[in-house]
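First comes the structure, then the notes that go with it.
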Amino acid sequence: MENVYFLYYLFTSNGIMSAVNNKSDKKSSRTNTMIVAGVIALGAGLLFAYLMFYTSPEHNMEMVKVIAVTENGCIGETMDGFAVNIGDCNAEPGKYVEALVDQKTKERAALMNPTN
């Protein structure tokens, strides 16, 4: 019975034969924290780059034909056939005006309707 207590002591204490490492490894914990922080920072940087370059508008001045005047502004048609809301204007339907047109919206519309 004495041997059983001795073996129990060896396996549960911080002795040489202990299979469980009860020592806390501060360096490993700090390294894991830095890895997680790096992954989060990389994800935030990639999200920022996506939002800046792919979803931000790219406006160009284009000649558009006013096709309707609504309470939300004038609706115009670009020379390549895209309908755009150009905002407040003092033009009548059928007149041509210079307006800012978002090129990325036109690209997305072209992808949704490939028959143009």
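Whatever position you read off the sequence shown (first residue = 1), add 7 for my numbering.
Glycine included, each C-beta is placed from N, C-alpha and C at the ideal position.
Since this is a predicted model, take the numbers as computed values, not measurements.
- If you look at K72, you'll find it in the beta strand (DSSP E) that goes H66 to T77.
- The C-beta of V71 has 16 or more other C-beta atoms within 10 Å across all chains shown, which makes the residue buried.
- In the DSSP assignment, E114 falls within the unbroken alpha helix (DSSP H) covering Q110 to M119.
- No residue range can be given for A98, since it is assigned to no beta strand (DSSP E) and is classified by DSSP as neither H nor E.
- L54 and A106 have their C-alpha atoms some 31 angstroms from each other.
- By the neighbour-count criterion, in which 16 or more other beta carbons inside 10 Å mark a residue as buried, F60 falls on the exposed side.
- Judged by DSSP in its simplified three-state form, T85 adopts strand.
- Of all alpha-carbon atoms in E69, H66, V73 and T122, the one lying nearest the alpha-carbon of E99 is that of V73.
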